[in-house]
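Student:
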Amino acid sequence: MPDAASIHVMIVDDQTSIRAILRNSLAQLGIINVSERKNGKDALEYLSQNSVNRIISDFNMPEMNGLELLKAVRANPRMAKTAFIILTGEASKELVQEAVKAGVNNFLAKPYTVGKLKAVMEAVFGTIV
1 MPDAASIHVM
11 IVDDQTSIRA
21 ILRNSLAQLG
31 IINVSERKNG
41 KDALEYLSQN
51 SVNRIISDFN
61 MPEMNGLELL
71 KAVRANPRMA
81 KTAFIILTGE
91 ASKELVQEAV
101 KAGVNNFLAK
111 PYTVGKLKAV
121 MEAVFGTIV
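Be aware that the sequence shown starts at 1, since it is given in UniProt numbering, and climbs by one per residue.
Set out below in structure tokens:
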């Protein structure tokens, strides 16, 4: 049962508004330690110097998409066990299969509710208190 205050989430999405909505949704769950990046490349640069224990990443982004970021995270021994959720508006069968093969922990479909976000997070991490 993770304590919400101990959770550090990195949101990776090229849309500022989506990052803000997701940050607000996480705050409603008591998760306030949140970092934001606009694409996978920026996320990897951040992760080279910092640690997070959860990543929520959009799939479609410029420079490096969410699936490429997932593969890079899983290939790095220091980050390989970091929980990873892909946020997507289009969960095609091919995307799901490739992400599962790459080691994604779960998916969050857009649009989502705070309740759905909590359910997806708890399915991966256990009850958040």
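The beta carbon of each residue, even a glycine, is placed where N, CA and C say it ideally should be.
The model shown is predicted, which means the values in this text are computed figures rather than measured ones.
Does the beta-carbon distance from GLU103 to PHE125 come in below 9 Å?
Tutor: Along the sequence shown, read from residue 1 onward, the residue named residue 103 stands at position 103. Along the sequence shown, read from residue 1 onward, the residue named residue 125 stands at position 125. A small fix is needed here, since residue 103 is Gly in this sequence, not Glu. Cβ distance not < 9 Å, so GLY103 and PHE125 don't count as in contact.
Student: For a cutoff of 9 Å on Cβ pairs, would you count LYS116 as touching chain B?
Tutor: Going by chain labels, chain B is absent from the structure shown, which holds only one protein chain.
Student: Let's test the definition: count the other Cβ atoms within 10 Å of the Cβ of VAL73 and tell me whether it reaches 16, buried, or not, exposed.
Tutor: The residue given as residue 73 occupies position 73 in the sequence shown. Answer is buried; the Cβ neighbour count reaches 16.
Student: The alpha helix (DSSP H) spanning MET10 covers which residue range?
Tutor: Position 10 of the sequence shown holds residue 10. Run containing MET10: none in the alpha helix (DSSP H); it sits in the beta strand (DSSP E), 8-12.
Student: Using a threshold of 8 Å, is the CB atom of ASN65 nearer than that to any non-hydrogen atom of the ligand PLP?
Tutor: Among the components modelled here there is no ligand, and therefore nothing to report on the ligand PLP.
Student: Take the Cβ of ILE32 as the centre, count every other Cβ of all protein chains shown within 10 Å, and call the residue buried at 16 or more, exposed below.
Tutor: Locating residue 32 in the sequence shown gives position 32, where the first residue counts as 1. Its Cβ having fewer than 16 others within 10 Å, ILE32 is exposed.
Student: Figure out for me which residue from SER92, VAL96, GLU45 and LEU87 has the closest Cα to the Cα of ASN76.
Tutor: Here residue 76 corresponds to residue number 76 of the sequence shown, with the count starting at 1. Minimum Cα distance to ASN76 is reached at GLU45.
Student: Between which two residues does the beta strand (DSSP E) containing ARG74 stretch?
Tutor: The count along the sequence shown starts at 1 and reaches residue 74 at position 74. Segment 66-75 is the alpha helix (DSSP H) holding ARG74; no beta strand (DSSP E) there.
Student: Hey, out of ILE86, GLN28 and ARG78, whose CA is closest to THR113's CA?
Tutor: Within the sequence shown, numbered from 1, the residue matching residue 113 stands at position 113. With distances taken between Cα atoms, THR113 lies closest to GLN28.
Student: Does the distance from the C-beta atom of ILE56 to that of VAL96 stay below 9 Å?
Tutor: One-based indexing of the sequence shown puts residue 56 at position 56. One-based indexing of the sequence shown puts residue 96 at position 96. Going by C-beta atoms, ILE56 is not nearer than 9 Å to VAL96.
Student: Below 7 Å CB to CB, which residues in the same chain sit around ASN106 once its five sequence neighbours on both sides are set aside?
Tutor: The count along the sequence shown starts at 1 and reaches residue 106 at position 106. If we look at ASN106 and ignore the five residues flanking it on each side, its Cβ neighbours are ILE85, VAL120, ALA123 and VAL124.
Student: What does DSSP give as the partner residue(s) for PHE107 in the beta ladder?
Tutor: Reading the sequence shown from its first residue, position 107 is the one you call residue 107. According to DSSP, PHE107 bridges with ILE86.
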